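*Asks:* Per our numbering, the very first residue in the sequence shown carries number 335; after that it's consecutive. Ideal Cβ placement from N, Cα and C applies to all residues, glycine included. The structure displayed is predicted, hence computed values, not measured ones.
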Amino acid sequence: MPSGPSVQDREPVPARNPRDDAACTRDGAGPAAPVLALVALGANLPSSAGPPEATLRAALGALGTDNVACGPIRPSRLWRSPSWPPGGPDYVNAAAAFETLLSPDRLLGRLHALEAAFGRRREGRWTARSLDLDLLAWGDAIRPDPATAKAWRDLPPARQGREAPDGLVLPHPRLQDRAFVLLPLAEIAPSWRHPALGLTVSALLSALPAEALRDVRPLGPV
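#1: Please classify TRP418 as buried or exposed, where buried requires at least 16 neighbouring CB atoms within 10 angstroms.
#2: Tell me, which residues are paired with PRO370 by DSSP?
#3: For ALA471, report the span of its beta strand (DSSP E) as first-last.
#4: Exposed or buried, which one is PRO518 when buried takes at least 16 other CB atoms within 10 Å?
#5: If you check the beta carbons only, do ASP474 and PRO529 fall under 8 Å apart?
#6: Between the Cα of GLY422 and those of ARG487, SER540, SER464, CYS404, spot the shortest distance and give me the residue it belongs to.
#7: Return yes when the Cβ of LEU470 is within less than 8 Å of the Cβ of VAL369, no when it is not.
#8: With H, G and I counted as helix, E and B as strand and the rest as coil, what does DSSP make of ARG444?
#9: Helix, strand or coil for ALA481, going by three-state DSSP, please let me know.
#10: Tell me which residues share the same chain as SER415 and place their Cβ nearer than 6 Å to its Cβ, disregarding the 5 neighbours each side in the sequence.
#11: Just to confirm, are ALA403 and PHE432 a CB contact at a threshold of 8 Å?
#12: Which residue or residues does DSSP assign as beta-bridge partners of SER415?
#13: Got a sec: does the ligand ADP put a non-hydrogen atom nearer than 7 Å to the Cβ of LEU538?
#14: Taking 8 Å as the limit between beta carbons, can you name the residues of its chain near PRO478, skipping five residues before and five after?
#15: Could you round the C-beta distance between LEU435 and ASP361 to whole angstroms and report it? I think they count as a contact, below 8 Å.
#16: Suppose the cutoff is 6 Å on Cβ atoms and the five residues either side in sequence are ignored; what does the same chain contact list for ARG557 look like?
#17: Does DSSP put ILE540 in a helix, in a strand, or in coil?
#18: Relative to the C-alpha of PRO543, which candidate in LEU553, ASP511, LEU531 has its C-alpha closest?
#19: Who are the near neighbours of THR389 in its chain, counting only those whose CB is closer than 7 Å to its CB and skipping five residues on each side?
#20: Three-state secondary structure (DSSP) at ARG493?
#21: Label GLY443 either buried or exposed according to how many other C-beta atoms from any shown protein chain fall within 10 Å of its C-beta, with 16 as the threshold for buried.
#22: Three-state secondary structure (DSSP) at GLY554?
#23: Hey, quick one: how far does the beta strand (DSSP E) through PRO406 stretch, first residue to last?
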């Protein structure tokens with residue numbers, strides 16, 4: 335693995351408890367059995383909950399309500415990463431893994447509602463924000479179809495800041511490119527395998543160049 339923060343040095347992530355299916359109910363379009371969802375969290379502006387660290391802690395707590403997660407949520411540590419484009423406040427990042435009975439679209443809607451509750455305003459691509467919740471993966475789903483997902487995954491960097499898909503793309507098309515996503519994710523789901531690339535989170539992280547990892551640093555537990 336390239337030099338940089340090592341998931342081997344991380345603080346222990348709380349052990350997962352047995353799933354409590356009574357904690358949520360299936361919606362009409364949801365799966366028949368709980369599906370693993372992976373979510374990335376980020377913030378670089380204060381919210382009603384306080385500074386970004388407090389916002390992410392509050393957002394993780396909110397994911398356990400309103401029929402979003404079935405049973406316990408596995409959070410990563412908090413991490414710090416530079417703003418992109420450069421010049422803004424640093425981001426605080428984390429990841430969460432949980433099982434859900436919500437469909438991907440319904441889950442994304444809940445995540446957007448949670449962003450709004452913490453003051454998120456959608457004012458453009460890659461702008462500063464009080465809370466960003468990205469649905470990284472929903473089981474092994476590839477949405478909307480393999481060809482479209484690949485096209486967004488292969489989008490040149492020069493176009494990534496200007497173009498965005500009209501609907502949900504799964505897995506998240508930038509998942510494999512971002513150290514601030516893969517470092518937290520490797521703490522909680524290192525063996526999850528990208529359904530299109532066939533690589534685990536650990537392998538995707540190891541493939542990143544050292545310079546991609548250099549400025550992403552752990553802050554501490556949630």
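*Replies:* According to the structure data:
#1: Indexing the sequence shown from 1 puts residue 418 at position 84. It is exposed - the Cβ of TRP418 has fewer than 16 other Cβ atoms within 10 Å.
#2: The count along the sequence shown starts at 1 and reaches residue 370 at position 36. First, the amino acid is wrong: residue 370 is Leu here, not Pro. Looking at the DSSP assignment, LEU370 forms a beta bridge with GLU433.
#3: Reading the sequence shown from its first residue, position 137 is the one you call residue 471. Where ALA471 is concerned, the enclosing beta strand (DSSP E) stretches over 466 to 472.
#4: In the sequence shown, counting from the first residue as 1, residue 518 sits at position 184. The residue is buried, with at least 16 neighbouring Cβ atoms inside 10 Å.
#5: Here residue 474 refers to the residue found at position 140 of the sequence shown. Here residue 529 refers to the residue found at position 195 of the sequence shown. In contact: ASP474 and PRO529 (Cβ atoms closer than 8 Å).
#6: Counted from its first residue, the sequence shown places residue 422 at position 88. If we check each option's Cα against that of GLY422, SER464 comes out closest.
#7: Here residue 369 refers to the residue found at position 35 of the sequence shown. Here residue 470 refers to the residue found at position 136 of the sequence shown. No, they are not a contact pair.
#8: Indexing the sequence shown from 1 puts residue 444 at position 110. The answer is helix: DSSP assigns ARG444 an H, G or I state.
#9: For the purposes of this step, residue 481 is taken as residue 147 along the sequence shown, with counting starting at 1. In the structure shown, ALA481 sits in a helix (DSSP, three-state: H, G or I).
#10: As a first step, residue 415 is located in the sequence shown; it is residue number 81 there, counting from the start. So the qualifying residues of the chain are TYR425, ASN427, PHE514, VAL550.
#11: Translated into positions along the sequence shown, residue 403 becomes position 69. Translated into positions along the sequence shown, residue 432 becomes position 98. A contact, by the Cβ cut-off of 8 Å.
#12: As a first step, residue 415 must be located in the sequence shown, where it is residue number 81. BP columns for SER415 point to TYR425.
#13: This structure simply doesn't include the ligand ADP, nor any ligand for that matter.
#14: Locating residue 478 in the sequence shown gives position 144, counting from the first residue. The residues are GLY501, LEU502, VAL503.
#15: If you number the sequence shown from 1, residue 435 lands on position 101. If you number the sequence shown from 1, residue 361 lands on position 27. Sure, about 7 Å apart at Cβ, within 8 Å.
#16: With the chain running from 335 to 556 in the structure shown, residue 557 is simply not present.
#17: The sequence position of residue 540 within the sequence shown is 206, counting from 1. This sequence places Ser at residue 540; Ile is not what is there. Helix, per DSSP.
#18: Walking along the sequence shown from the start, residue 543 turns up at place 209. For PRO543, the nearest C-alpha among the options comes from ASP511.
#19: Within the sequence shown, the letter at position 55 stands for residue 389. Counting only Cβ-Cβ distances below 7 Å, and skipping sequence neighbours, we find ALA377, SER381, ALA383, PHE452, SER464, LEU465.
#20: Here residue 493 refers to the residue found at position 159 when the sequence shown is read from its first residue. ARG493 carries a helical assignment under DSSP once its states are collapsed to helix, strand and coil.
#21: Counted from its first residue, the sequence shown places residue 443 at position 109. By the neighbour-count criterion, in which a residue is buried when 16 or more other Cβ atoms sit within 10 angstroms of its Cβ, GLY443 is exposed.
#22: Sequence index remark: in the sequence shown, residue 554 carries index 220 (1-based). The answer is strand: DSSP assigns GLY554 an E or B state.
#23: Your numbering for residue 406 matches position 72 in the sequence shown. PRO406 -> beta strand (DSSP E) spans 404 to 409.
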